[in-house]
Amino acid sequence: MRKRRRETKMATVELERLNKRFGGFTALESLDLTIADGEFLVLLGPSGCGKSTTMRLVAGLEEPTGGEIRIGGRRVNDIPARDRDLAMVFQSYALYPHMTVGENIGYPLKVRGIAKAERQAQIRAAAEKVEMGHLLTRRPAELSGGQRQRVALARAIVRTPRLFLMDEPLSNLDAKLRTVMRAELKHLQRDLATTTIYVTHDQVEAMTLADRIVILNAAKIQQQGTPQEIYDRPANTFVASFIGSPPMNLIEGTVAEGRFHHPDGGVALASAPQGPAVLGVRPEDVTLAAPGEGDFTGKVYSSELLGDCTLLNVRVGDKLVAAKVGPQDGRDMDEPVGLRLAPGALHLFDGESGARIE
Ligand code: ATP
Numbered sequence: 001m002r003k004r005r006r007e008t009k010m011a012t013v014e015l016e017r018l019n020k021r022f023g024g025f026t027a028l029e030s031l032d033l034t035i036a037d038g039e040f041l042v043l044l045g046p047s048g049c050g051k052s053t054t055m056r057l058v059a060g061l062e063e064p065t066g067g068e069i070r071i072g073g074r075r076v077n078d079i080p081a082r083d084r085d086l087a088m089v090f091q092s093y094a095l096y097p098h099m100t101v102g103e104n105i106g107y108p109l110k111v112r113g114i115a116k117a118e119r120q121a122q123i124r125a126a127a128e129k130v131e132m133g134h135l136l137t138r139r140p141a142e143l144s145g146g147q148r149q150r151v152a153l154a155r156a157i158v159r160t161p162r163l164f165l166m167d168e169p170l171s172n173l174d175a176k177l178r179t180v181m182r183a184e185l186k187h188l189q190r191d192l193a194t195t196t197i198y199v200t201h202d203q204v205e206a207m208t209l210a211d212r213i214v215i216l217n218a219a220k221i222q223q224q225g226t227p228q229e230i231y232d233r234p235a236n237t238f239v240a241s242f243i244g245s246p247p248m249n250l251i252e253g254t255v256a257e258g259r260f261h262h263p264d265g266g267v268a269l270a271s272a273p274q275g276p277a278v279l280g281v282r283p284e285d286v287t288l289a290a291p292g293e294g295d296f297t298g299k300v301y302s303s304e305l306l307g308d309c310t311l312l313n314v315r316v317g318d319k320l321v322a323a324k325v326g327p328q329d330g331r332d333m334d335e336p337v338g339l340r341l342a343p344g345a346l347h348l349f350d351g352e353s354g355a356r357i358e
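Just so it is clear: in the sequence shown, position 283 is 283 by the UniProt record's numbering, and no numbers are missing.
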């Protein structure tokens, strides 16, 4: 990778046919995943899809029901959590309230029996990385949420682990702070170049932080790829509806004779198999046309000015189709409109399986 390395601890992570059952319930099913050394991999998915379970298995906090976990090429299934050389940052970043910031950051070093002078130097370096060097003598109660979060991060980076596991580390912060911390995390990871597995259900966090995103749903990987690949070519309707804000419009209809048909409109398609299909188009690829013109007709359901654009929801049949239009293009409720879909920006999915059709 292009990233600078502070030291050379190889930490490729390989998950092979990883299974986890809780009683009769399958939380992870035959997961195959390789995370490259130095990569920032984001696990993204809805609540209950198995993200935290994957992390807990890598960390050694749960035992797999089947399959293998390798870190740095070595099987770690039977290695206890404390010997896996990884640092975890979880959403409840419990700091010791009676210790100062410096003592909190240095705690993992103290546990390892590192001498005081050496410890002080490492604490300072870690604290400076997260811009907390000036607050080393404060106690957690005297810090803001974001500052506490940064102390938790410093405590994780202080002992230069070969792998970071971060499970929704920003979820306790307010929206503004989350944005700031997101940028800081990205910088930090580029600096440290430590392999990172990061769990979130926030797609913006995933898109902005990840080298690669893995989308999980119902115990299985739905798609993996760079943020751009996943945004541009979602593998199925689940991924399509999970990435993008607002998400991609999905319109059910039928393909026949080179056209997608719907009772309230349709579009020409270059080549597509006949039969039930789902047409996908992102709100930014939908523009307004006069009523009766364009590809679809509908009635305005809502019109929201968001500052730099207007978000229109248009009722087409029994569905709402979202369109991101110009700030001046707001419409009245119930106004009839035509919708034009950008021809190069259409996605087509199988009507039954939901899988992308090439
Ligand atoms: P969230 O975003 O809500 O944290 P998640 O994707 O991290 O969700 P997991 O915590 O990995 O989800 O849980 C996956 C599934 O396994 C869930 O349906 C959960 O209820 C179940 N599960 C997790 N831990 C246990 C357990 N100890 N016993 C039984 N079921 C469990």
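C-beta: ideal position from N, C-alpha, C; glycine also.
Note that this is a predicted model, so its numbers are computed, not measured.
**Study point:** Ser30: CB within 8 Å of a non-hydrogen atom of ligand 1
**Key:** Checking every heavy atom of ligand 1 against the Cβ of Ser30, none is found closer than 8 Å.
Practice item. Verify the contact flag: Val204, CB atom, against every heavy atom of ligand 1, threshold strictly below 8 Å. Key: No; taking the cut-off as 8 Å, the Cβ of Val204 has no heavy atom of ligand 1 nearer than that.
Review point. Mind checking whether the beta-carbon of His201 lies closer than 8 Å to any heavy atom of ligand 1?
Key: Yes, since a heavy atom of ligand 1 falls inside the 8 Å radius drawn around the Cβ of His201.
Check your understanding: Leaving out five residues before and five after Asp329 in sequence, what residues of the same chain have Cβ atoms less than 7 Å from its Cβ?
Key -> Non-local beta-carbon contacts of Asp329 in its own chain, meaning distances under 7 Å to residues more than five positions away in sequence, involve Leu288, Thr310 in chain order.
**Study point:** Three-state secondary structure assigned by DSSP to Arg2
**Key:** Reliability fails at Arg2, whose pLDDT of 46 lies under 50, so the model's placement of it is uncertain and the value that follows must be treated cautiously. The DSSP-derived three-state label of Arg2 is coil.
Review point. When DSSP labels each residue in this structure, what does Gly106 get in the three-state scheme?
Key: In the three-state reduction of the DSSP assignment, Gly106 falls in the helix class.
Exercise for review: List in chain order the residues whose CB is within less than 6 Å of at least one heavy atom of ligand 1.
Suggested key: After applying the 6 Å Cβ criterion, the set is Phe22, Phe25, Ala27, Gly45, Ser47, Gly48, Cys49, Gly50, Lys51, Ser52, Thr53, His201.
**Study point:** Neighbour-count burial assignment, residue 359, 16 or more Cβ in a 10 Å radius
**Key:** No answer is possible for residue 359: it lies beyond the span of the chain, which begins at 1 and ends at 358.
Practice item. Taking Thr54 as part of the alpha helix (DSSP H), name the residues at either end of that continuous run. Key: Here the alpha helix (DSSP H) through Thr54 covers 51-59.
Point to revise | Where the beta strand (DSSP E) containing Met88 begins and where it ends | key: In the DSSP assignment, Met88 falls within the beta strand (DSSP E) that extends over 86-90.
Exercise for review: May I ask you to verify whether the segment 158-178 touches the segment 107-121, counting CB pairs closer than 8 Å and requiring at least 3?
Suggested key: As far as the Cβ criterion goes, the segment 158-178 touches the segment 107-121, which means the pair count is three or higher.
Point to revise | Ser52, buried or exposed, once every other Cβ within 10 Å from all chains shown has been counted against 16 | key: With 16 or more neighbouring CB atoms inside 10 Å of its own CB, Ser52 falls in the buried class.
Practice item. Check the C-beta distance from Val13 over to Thr195 and give it rounded, since I have them as a contact under 8 Å. Key: Confirmed, about 6 Å.
Review point. Quick one: what does DSSP say Arg182 is sitting in, helix, strand or coil?
Key: Arg182 falls in the helix class under three-state DSSP.
Exercise for review: Would you mind stating whether Ile215 and Gly72 have Cβ atoms separated by less than 9 Å?
Suggested key: Gly72 sits away from Ile215, with the two beta carbons spaced by 9 Å or more.
**Study point:** Inter-residue Cα distance where the pair is Lys324 and Gly338
**Key:** Their backbone Cα atoms lie some 14 Å apart in a straight line.
**Study point:** Beta-carbon separation (whole angstroms), Arg182 vs Leu170, contact threshold 8 Å
**Key:** Their Cβ separation, rounded to whole angstroms, is 7 Å, which keeps Arg182 and Leu170 in contact under 8 Å.
Check your understanding: Tell me which same chain residues have a C-beta within less than 7 Å of the C-beta of residue 359, skipping the five on either side of it?
Key -> A question about residue 359 goes unanswered here, because the residues of the chain that appear run from 1 up to 358.
Check your understanding: What is the DSSP secondary structure of Ser241, counted as helix, strand or coil?
Key -> For Ser241, the three-state secondary structure derived from DSSP is helix.
Point to revise | CA-to-CA distance, Gly38 to Lys3, given in whole angstroms | key: For Lys3, the predicted model reports a pLDDT of 49, less than 50, meaning its position is unreliable; a value from the coordinates is still stated below. Roughly 8 Å between the two C-alpha positions.
Practice item. Assign Asp83 to one of three DSSP states: helix, strand, or coil. Key: Annotated three-state conformation of Asp83 is helix, per DSSP.
Point to revise | Reduced DSSP secondary structure (H/G/I, E/B, other) of Ala152 | key: Reduced to three states, the DSSP call for Ala152 is helix.
Check your understanding: Looking only at its own chain, which residues have a Cβ that is under 8 Å from the Cβ of Thr226, when we skip the five neighbours before and after it?
Key -> Ala210, Asp211, Arg212, Ile213, listed in sequence order.
Point to revise | Top-ranked residue by Cα proximity to Glu293, from Lys319, Pro336, Pro80 | key: Looking at the Cα atoms, Pro336 is the closest of the given residues.
Practice item. May I have a chain-ordered list of the beta strand (DSSP E) segments no shorter than 3 residues that lie completely inside the segment 284-323? Key: The qualifying runs are 286-289, 296-305, 310-316.
Review point. Exposed or buried, Pro276, counting other C-beta atoms within 10 Å across all chains shown (16 or more means buried)?
Key: Around the CB of Pro276, fewer than 16 other CB atoms lie within 10 Å, so the residue is classed as exposed.
Check your understanding: Where Arg5 and Leu348 are concerned, what is the direct C-alpha to C-alpha distance, given to the nearest angstrom?
Key -> For Arg5, the predicted structure reports a pLDDT of 47, less than 50, and the residue's modelled location is therefore unreliable. The matter cannot be settled from this model.
Check your understanding: Do you know offhand how far Tyr96's Cα is from Ala206's?
Key -> Straight-line Cα distance between these residues: approximately 30 Å.
Practice item. Would you mind sorting Arg356 into buried or exposed? The rule is 16 or more other CB atoms within 10 Å of its CB. Key: Buried is the call here.
Point to revise | N-terminal and C-terminal residue of the alpha helix (DSSP H) that Arg124 is part of | key: For Arg124, the enclosing alpha helix (DSSP H) covers residues 116-129.
Practice item. For Val316, collect the residues of the same chain with a Cβ closer than 8 Å to its Cβ; drop the 5 residues on either side in sequence, then sort them by chain order. Key: Result list for Val316: Ile251, His262, Asp264, Gly265, Phe296, Thr297, Gly298, Leu339, in chain order.
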